[in-house]
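Only one structure is covered here, and it is reproduced in the block below.
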Amino acid sequence: MDVTRKNRQVIAQIGCAERGVEIIEYMFYNIKMDAIETLKTLSSQMELEPAEEARPVCFMPKERDQAFIHPAQLPNGKSILLLKTLLTSACERDCYYCPFRAGRNFRRATFKPEEFANLFMKLNRAGAAQGIFLSSGIAGGGVRTQDKLLDTALILRRKLGFNGYIHLKLMPGAEKAQVETAMQLADRVSINLEAPNTERLAKLAPHKIFIEELLRPLKWVEEIRRSQPAHQFWKGKYPSTVTQFVAGGADESDLELLTTTNWLMKNVRLTRAYFSAFFPIRDTPLENKAAVDPLREHRLYQASFLLRDYDFDLEELPFTAEHNLPLPVDPKLAWAQNHLREHPLEVNRAERRELLRVPGIGLRGVESILRARRQIKLKDVSSLKRMGIVVERAAPFILLDGKQPSLQLNLF
Ligand code: SF4
């Protein structure tokens, strides 16, 4: 077999076509195929676990479900190739929706911490992966499993000198001291709440305890942040925290999901919540439950960003009588149609908080408007366009120097 053909096979095996043959050549001679096979097994189904702004596009098309290196955008805006995987796919819990649940018949695999750390460093040195999202099934209890994740991170940081991005999962039942160690090693820590409250979690994961096992570690993260100076943490910064919900898995409403999200953002400084639209997995207790429309996931993200960045209160979101967000319209537009259409905002006088509510005006757009109007009076849409404002969306809700913008006139 010629080398190029072998390399193509390796690219398909590792699930990353974009980096090209020349990068992979290094690995071809240094990584055993059984390690790649283990990584593929452990990383299958990781698309169910959203992290960072990862898009699973780094794969040969027919290998989509085996992709494990994903282009991802970090909170600081930097783009990296992120390896998303588990340390073990063995799990003693039996969450109803999960492909890794105990007793489900599929091939499982496990890495030892040192083995995984060495494999990752080979991928890293070859330029194929610059960061890690590392999770695990629970084997031998939450404390023991957390220890393995911490051991892996310790080897990477202290023994192998890895300085790049690590997102480390906190295990249900982990101890406070373990949470603290995770915070000292990782750029981001997370624990999946899965459902918005105790009652809903019982429908998804009957053996997880919402308050003690899942919510408490998030509270500990905030307590540790408040009690220790930032320089004690990785690169002198507090790690960010995120969580994930299985949207629609427990028949919960959007209001329930966003109430918990809002509480977490205000009380434990959650950076963001991920919403993963429920999708039935074969051979699980929920296999016959209908999949949730992915648009619901999108609307939940939009609403959570309104709460986090746009100064909206939960009560202002346009919930239906069933306490869900309307699917056909984005929540900011729905709010503006109800509140601004009859009373458009004068862009030259509106306060920051008001400008943030106009569809088509984002965070940067608001800052640009506030800066510009210190110097000039804004009179036409072309100046707004230059600031990156989506004038077509904003026009029905604003006035420029007392007049509703006429898009048509400005086309000529
Ligand atoms: S504990 Fe995690 S890996 Fe195990 S069954 Fe539940 S969701 Fe799946």
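To convert, count from 1 in the sequence shown and add 78; that's the numbering used here. A virtual CB, placed ideally from N, CA and C, is assigned to each residue, including glycine.
- N270 and T321 do touch by the CB rule: their CB atoms are close to 6 angstroms apart, below 8 angstroms.
- Residue environment analysis places D391 among the exposed positions, since fewer than 16 neighbouring C-beta atoms fall within 10 angstroms of its C-beta.
- Pairing E272 with A450, the inter-Cα distance amounts to about 44 angstroms.
- Pairing F146 with K162 gives a Cβ-Cβ distance under 8 angstroms.
- One thing to note: I359 has its Cβ within 8 angstroms of the Cβ of Y175.
- Counting only runs of at least 4 residues, the region 301-360 fully encloses the following alpha helix (DSSP H) elements, listed from N- to C-terminal order: 332-345.
- Under the three-state reduction of DSSP, K297 is assigned to helix.
- Note on K313: under 16 other CB atoms within 10 angstroms of its CB, so exposed under the neighbour-count rule.
- In the structure shown, Q482 falls within a coil segment according to DSSP collapsed to helix, strand and coil.
- Under the DSSP definition of a beta bridge, Y243 partners with G209.
- Ligand 1 has no heavy atom closer than 7 angstroms to the beta-carbon of I359.
- Here DSSP, grouped into helix, strand and coil, assigns L477 to strand.
- For D479, the distance from the CB to the nearest heavy atom of ligand 1 is not below 7 angstroms.
- D387 and L152 have their C-alpha atoms spaced approximately 17 angstroms apart.
- The continuous alpha helix (DSSP H) containing L462 extends over residues 459-464.
- Assigned with DSSP and collapsed to three states, I158 falls in strand.
- Sixteen is the threshold: when 16 or more other Cβ atoms of the shown chains lie within 10 Å of the Cβ of D332, as they do, the residue is buried.
- Secondary structure of P191 (DSSP, three-state): helix.
- Contact between H245 and S268 holds: their C-beta atoms lie close to 7 angstroms from each other, under 8 angstroms.
- At a cut-off of 4 residues, the continuous stretches assigned as alpha helix (DSSP H) that sit fully inside the region 409-433 are 409-417, 430-433.
- Annotation for I147: the continuous beta strand (DSSP E) segment containing it runs 147-151.
- Counted as a single uninterrupted DSSP element, the stretch harbouring S122 is not any alpha helix (DSSP H), since DSSP gives it neither H nor E.
- Annotated three-state conformation of L164 is strand, per DSSP.
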